[in-house]
């Protein structure tokens, strides 16, 4: 049995590669999917496809079309969602994707540093599990296949 | 026809009263519901009911039980969700509630200042409408009943 | 038992008033809802609330926010949808609303002139009933309460 | 990961072949499905299977049985729907299929010429993205797999 | 708390009145709904509204439009469905409505004479309860309110 | 693309083999599933597994456990349901399975002789198509793959 | 806004009256529903309606028809489920009802003595909140209306 | 056609191996999944991943995160759930999983000794079939593939 795991969350560190490599080292039968990780490309995709927009807000609106399209198609394929909250930025997309996962009955693992426990307490309660490190998430993935 | 509107988002300003008063002045047939607006009470409700917890994290976990219970019961009653993002704090609850509303097919109006357009672009695209002021949200509510 | 009926379709003739008056004359316990019938207001609502937009396309996009918001909230309340196709215009909104009604398991009555039977054959097959006049729709409504 | 894409819309130009060829040239792992593209066959399938019908309307009704059967089975298999509006005809089937896709939570890409923006504004708002050319739709498909 | 009960099944005996009278005598807070009980009207409603049809089959098809419309609207309102199988006729409508009730998660009580136990065994297993008399069904309704 | 088709209905003629052979001859990529076709085994399976039952009614109840279990598992796998009504017996199971298919959004093809049109008019209206012969059903299956 | 609360769980103590009285004293706008609390009646209802059964197992099966019918109708009406685990008996019904509540997206409050924490840990994790006393449950109910 | 079967219930006997071996001997095309069968590991997984917890209750809460995560992912994959009730322990997890299976429309087979018939009567009524031995469950599985 193979599982598909959607990796939601910040795209400024290489945590996705870390998870993929560790899962591969453990030979976990998992296919990972996730958002566009090239931040500039993610911001510009709207204008790339639709052409120049009137201003920054419309440029964002145009980009969000294709980022949401991508996320919804891939998250629908997922058996599990792992959402990581990093140290900076608003990360409202991460909260949005994590909440959508819960609403669509996709089991959710939250990775967040202890410092974020207060701001994430309600979302954390909705997640199946909240951990602080990628290694703990890998342990949870391993447990599913034992 | 009466509608129930859930007012999600920050609880540090009195925007909810502003909406309620303006809707009342316009005699819109709307019942408003929302989260606990007393921040301390919202943080302490877990220990109030379950007693002292081992540490701040468990105190938060305890509180989230009852805050989520309240939110889910009331949001289920809502025909529409209005989520306001303020100027400060992480506001991940607001993003969580707004995203849950969309996932549960509750029409969503987002209120956010222009400065937040980039961080909210994907959530904004999922909302039925994004506005910048309470008055604009009131105009949208009025339009439904015209 | 009262029913709520959403009247989808063209807003250039007064067919909605005709249905409401005839239902009232028959004392059918029905509450009617529907889209904004003032065409200009429907086209301009986006700019009225959000301010001037860069061009006609963005003006339309802005208006569609609030027209869709209105339609989804009201159609969710409906026990039945009646969609009337008139003689002119593309009327893609009418087809969109009628199809959404079917997808959301809302019984659908289609009113269309015989000349449209070919272009509407697949949608007509999805409807519970297709009639050619408002009077026939009234007969169908009456039958539900007999 | 392979995706299945349903190509809804007009069957009078060869836009489907164009998309299929361009997707193949880019080696996108996509299986395309769609409606019967032979217009006469689509109109006659009812009488072919059920025999001659009393008149043109019943002939249409008979054909719609099998066209809807085909569309619903294939659209259920789709991860994404692309709907193209051409220059002529009422194209209510296209609006019906596009709206059904949205209602069934199938991500939707709309292809329409700028001239149609007004008539399609509400449907366009429900789509994940609206573009004007097949090439732009191909760019969107490519983005999903990057 | 009031309940709405849909009374599906044969329309050739007055079992519905019997249930209504006995429920009224017990002052059970129940609103009863059901199909058109005038058999001729049920058979002719299609031609009454749509005009004469080419033959008996098309006359039946026309009538089924409005009978299904009525049944679906009323059954959606029901908290419980009671389906009675009589002694004669095919009664495929009764089996259809009873099965639809189960599929739509409407609790179902089956009333059938013992002689039908074999032909109804699978449907009976899907029902919440199978009884042989109207009085037993009344006992079940009473039990809900005790 | 392969499809799974559930063949509901009477088990006293070999119509299933006829469909399977004709689909095979046309090389249609279809997997067929269906109920237990050995009538005695279907009636006795309850006592075979659970042992002798107190009387015929309990024997039927016991058998229905396993027949419903089988049907629900297999029908869930189906993309399409074909239900054939034969000339004799009550065939309430056939009506039950056909109605369940519709309720679970499984496209349905009804095969029934013309003589049954009146008794099946409402169920026929819910089906995607109603035909009179196995050959016509095969034509419909073929059309899906063209 | 009134809420309906289903009180699942043991019927050997008068905890339901305690909750009802305390909620009444606080004037909480709550309608309480629940299972048949007369244990003998609950065990005998099957034979009361269907007559004597062959043995104790069939007597239980008969009773379960009407107990499940009652529970499903009333739980569907509930906005919230409170399930109390007592000190004795298997209480599998309580676990069944609590789990069904979660699966049907009904918020759940578990009341259980500390001694049961281990046996209930997975169910407790699925509940919105787990408390040890009726008074704590009342506090939670009160919090919803503040 | 392969099926996936989730084996819920007690983990103190080797009934799962018995089922797997007998299914293998019969060459039934079934993939079996289930909970962590190492009781200590199941109890300790929370602290293994999250570190030492304040007390036994929090240790249980921590473990339940990962046990529920595992169960929900695997049960979602199942076409059928078999739940076995053993002779000892509260087994509320078994009742919880069995009830969740029913609520999620997963066909359910209950295995329980006769002595438990009274305590399990309502859950048994919701199951598709209740048997007393693993061999009877194997017969039921075999019947599906005949």
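Chains as they are written, first to last, in this note's numbering: chain A, 307 to 452; chain B, 307 to 452; chain C, 307 to 452; chain D, 307 to 452; chain E, 307 to 452; chain F, 307 to 452; chain G, 307 to 452; chain H, 307 to 452.
The beta carbon of each residue, even a glycine, is placed where N, CA and C say it ideally should be.
Within chain A, partners of residue i - CB distance below 7 Å
{"i": "residue 366 of chain B", "result": "423, 424 and 427"}
{"i": "residue 386 of chain D", "result": "379"}
Partner residues on chain B for residue i, Cβ-Cβ distance less than 8 Å
{"i": "residue 341 of chain H", "result": "Those do not exist, as residue 341 of chain H stays about 24 Å from chain B at its closest Cβ, beyond 8 Å."}
Secondary structure of residue i, DSSP reduced to three states
{"i": "residue 449 of chain G", "result": "helix"}
{"i": "residue 340 of chain A", "result": "coil"}
{"i": "residue 364 of chain C", "result": "helix"}
{"i": "residue 410 of chain E", "result": "coil"}
{"i": "residue 315 of chain G", "result": "strand"}
{"i": "residue 436 of chain D", "result": "strand"}
{"i": "residue 426 of chain D", "result": "coil"}
{"i": "residue 372 of chain B", "result": "helix"}
{"i": "residue 418 of chain G", "result": "strand"}
{"i": "residue 386 of chain E", "result": "strand"}
{"i": "residue 356 of chain B", "result": "helix"}
{"i": "residue 332 of chain E", "result": "coil"}
Counted within 10 angstroms of its Cβ, other Cβ atoms place residue i as buried (16 or more) or exposed
{"i": "residue 308 of chain G", "result": "exposed"}
{"i": "residue 332 of chain F", "result": "exposed"}
{"i": "residue 434 of chain D", "result": "buried"}
{"i": "residue 346 of chain F", "result": "exposed"}
{"i": "residue 393 of chain H", "result": "exposed"}
{"i": "residue 373 of chain G", "result": "buried"}
{"i": "residue 357 of chain A", "result": "exposed"}
Chain C contact residues for residue i, given Cβ-Cβ distances below 8 Å
{"i": "residue 360 of chain A", "result": "360, 361 and 364"}
Per-residue contacts from residue i into chain G (C-beta, under 8 Å)
{"i": "residue 321 of chain H", "result": "Under the 8 Å cutoff, chain G gives no residues; its nearest Cβ is about 18 Å from residue 321 of chain H."}
Chain B contact residues for residue i, given Cβ-Cβ distances below 7 Å
{"i": "residue 383 of chain C", "result": "307"}
{"i": "residue 324 of chain G", "result": "Going along chain B, no residue has its Cβ under 7 Å from residue 324 of chain G, so there is no contact; the nearest lies around 17 Å."}
Check: residue i C-beta below 7 Å from any heavy atom of the ligand SAM
{"i": "residue 420 of chain D", "result": "With respect to the ligand SAM, the structure offers nothing, as it holds no ligand at all."}
Under 8 Å from the C-beta of residue i: neighbouring residues of chain E
{"i": "residue 312 of chain C", "result": "The premise fails here: residue 312 of chain C is roughly 13 Å from chain E at the closest Cβ pair, so nothing lies under 8 Å."}
Cβ neighbours of residue i in the same chain (closer than 8 Å, five flanking residues each side left out)
{"i": "residue 376 of chain C", "result": "341 and 342"}
{"i": "residue 335 of chain C", "result": "307, 308, 309 and 451"}
{"i": "residue 359 of chain G", "result": "352, 353, 365, 367 and 368"}
Contacts that residue i makes with chain D (C-beta to C-beta distance below 7 Å)
{"i": "residue 351 of chain A", "result": "449"}
{"i": "residue 277 of chain F", "result": "Lying outside 307 to 452, the shown extent of chain F, residue 277 of chain F is not represented and no answer is given."}
Per-residue contacts from residue i into chain E (C-beta, under 9 Å)
{"i": "residue 445 of chain C", "result": "351, 354, 355 and 372"}
Own chain residues within Cβ distance below 7 Å of residue i, not counting five before or after
{"i": "residue 349 of chain F", "result": "369"}
{"i": "residue 384 of chain C", "result": "310, 311, 312, 339 and 412"}
{"i": "residue 405 of chain E", "result": "429"}
{"i": "residue 448 of chain D", "result": "332 and 334"}
{"i": "residue 317 of chain H", "result": "341, 343 and 345"}
Residues that residue i contacts on chain B, provided the C-beta gap is smaller than 9 Å
{"i": "residue 406 of chain G", "result": "The premise fails here: residue 406 of chain G is roughly 17 Å from chain B at the closest Cβ pair, so nothing lies under 9 Å."}
{"i": "residue 393 of chain G", "result": "Simply none; closest approach about 21 Å."}
Where residue i meets chain F, residues with beta-carbon distance less than 8 Å
{"i": "residue 346 of chain D", "result": "Per Cβ cutoff of 8 Å: no residues; residue 346 of chain D is ~13 Å from chain F at best."}
Within chain D, the residues that residue i reaches when beta carbons sit closer than 8 Å
{"i": "residue 410 of chain C", "result": "409"}
Chain F residues whose Cβ lies nearer than 7 Å to that of residue i
{"i": "residue 420 of chain H", "result": "Those within 7 Å of residue 420 of chain H in chain F number zero; the least Cβ separation is about 12 Å."}
6 Å Cβ shell around residue i - same chain, five flanking residues per side excluded
{"i": "residue 407 of chain F", "result": "387 and 414"}
{"i": "residue 381 of chain H", "result": "312"}
Per-residue contacts from residue i into chain A (C-beta, under 8 Å)
{"i": "residue 337 of chain H", "result": "307"}
Proximal residues of chain C, C-beta to C-beta of residue i below 9 Å
{"i": "residue 316 of chain B", "result": "Ordered by position in chain C, no residue passes the 9 Å Cβ test against residue 316 of chain B, which lies about 22 Å from the chain."}
Could you say if the region 382-400 of chain B and the region 395-412 of chain A meet the contact criterion of at least three C-beta pairs nearer than 8 Å? yes
Taking contact to mean 3 or more Cβ pairs, one atom from each stretch, closer than 8 Å, check whether the region 414-432 of chain H and the region 353-371 of chain G are in contact. yes
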